[in-house]
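Asks:
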Ligand SMILES: [Zn+2]
């Protein structure tokens with residue numbers, strides 16, 4: 001028997017599919033897909049708890065088994081005004097270069113804080129953090145990306161592109177909770193699907209944010225609120241006196257959880273490295289912060 005060339009097999013299956021599409025009846029095909037959906041809806045799934053973010057190889061495809069992980073922190077990043085980037089001939093080259101530079105940089109920055117999973121979606125991306133100091137790593141990743149966007153990406157765009165280029169920059173969101181994952185799709189095009197609040201809520205927070213803002217859910221903020229490296233400034237912009245950094249913000253799409261918190265500042269040029277390191281090492285209290293929250 002002749003060995004089958006995979007490319008020939010692929011071509012054959014594509015030709016077969018095209019022939020079917022041309023001659024077949026779409027209503028019959030929809031009915032077939034409906035049968036499959038009925039089966040999916042009627043068959044109960046198994047949920048297995050695991051203590052880490054699974055690798056792509058660990059996720060189930062054919063079996064109806066979802067892997068569930070608790071205490072996940074999701075960071076979502078969105079590029080502002082990216083829809084106004086044109087793909088018309090005159091601008092496609094510039095837009096493509098911006099996507100490449102922005103997305104590539106964002107992956108590099110978020111990856112530095114050891115996410116368990118990261119995915120690019122359209123003009124944005126999200127990263128999941130789990131395990132030791134997951135909250136601290138996720139927070140530092142988000143602040144680092146917005147600092148990078150403000151300090152490097154936007155000035156580079158101004159320097160290299162024309163003045164009427166959209167005022168872009170990264171918007172960040174963060175949420176926490178339990179996720180379940182499984183690969184879903186047609187064989188060969190299986191993509192992990194993350195079900196649960198954290199990814200969805202982080203994306204809604206990022207959508208609501210303006211560029212260079214980080215919006216976190218109240219639950220995330222509550223976990224950060226006793227960390228003075230997170231809650232208060234270094235004081236550089238206020239004659240050495242540290243000030244509270246966060247404000248209230250409404251994320252309407254989160255309905256009864258719409259009360260969120262926003263951080264507009266970024267790492268200080270002088271103290272950023274020190275603060276980031278301290279947070280990652282689990283430090284919380286500073287001697288230079290006076291809080292009158294007691295009593
Ligand atoms: Zn400073």
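Numbering (the working numbering), first residue to last: 1 to 295. Just so you know, even glycine gets a beta-carbon here, dropped at the ideal spot from N, CA and C. Bear in mind that the values here come from a model prediction, so they are computed numbers and not experimental data.
1. Is it right to say residue 78 is buried, meaning 16 or more other beta carbons lie within 10 angstroms of its own, or is it exposed?
2. Restricting to runs no shorter than 3 residues, where is the beta strand (DSSP E) found entirely within the segment 220–294?
3. Mind checking whether the beta-carbon of residue 268 lies closer than 6 angstroms to any heavy atom of ligand 1?
4. By the DSSP assignment, the alpha helix (DSSP H) with residue 144 in it spans what residues?
5. Is residue 260 a contact residue of ligand 1, with contact defined as CB to any heavy atom under 6 angstroms?
6. Looking only at DSSP bridge pairs, what is residue 183 linked to?
7. How close, in whole Å, do the beta carbons of residue 61 and residue 190 come, if the pair is a contact with beta carbons under 8 angstroms?
8. Between which residues of its own chain and residue 259 is the CB-CB distance below 6 angstroms, once the five residues before and five after are set aside?
9. Cα separation between residue 76 and residue 205?
10. Near residue 244, which residues of its chain fall below 7 angstroms by C-beta distance, leaving aside the five closest residues on each side in sequence?
11. Roughly how far, in whole angstroms, is the beta-carbon of residue 194 from the beta-carbon of residue 181, given that I think they are within contact range, below 8 angstroms?
12. Taking the CB atoms as reference points, tell me whether residue 178 and residue 81 lie closer together than 7 angstroms.
13. To the nearest whole angstrom, what separates the beta carbons of residue 172 and residue 209, a pair I think is in contact under 8 angstroms?
14. Any idea what DSSP makes of residue 209, helix, strand or coil?
15. So what does residue 177 bridge to, in DSSP terms?
16. Once you ignore the five residues that flank residue 70 on each side, which residues in its own chain have a CB closer than 7 angstroms to its CB?
17. Per DSSP, what kind of secondary structure is residue 157 in: helix, strand or coil?
18. Could you check where the beta strand (DSSP E) with residue 46 kicks off and where it finishes?
19. Find the nearest neighbour of residue 56 within the set 162, 241, 117, judged by alpha-carbon distance.
Replies: Taking the definition as stated:
1. buried
2. 246–250, 259–263
3. For residue 268, the Cβ falls inside the 6 angstroms cut-off from some heavy atom of ligand 1.
4. For residue 144, the uninterrupted alpha helix (DSSP H) run begins and ends at 134–148, by DSSP.
5. no
6. 192
7. 5 angstroms
8. 218
9. Taking the straight line joining both Cα atoms gives about 8 angstroms.
10. 231, 232
11. 5 angstroms
12. Here residue 178 is not near residue 81, since their CB atoms are 7 angstroms or more apart.
13. At roughly 6 angstroms, the Cβ-Cβ gap stays under 8 angstroms, so residue 172 and residue 209 are in contact.
14. coil
15. 72
16. 178
17. helix
18. 46–49
19. 117
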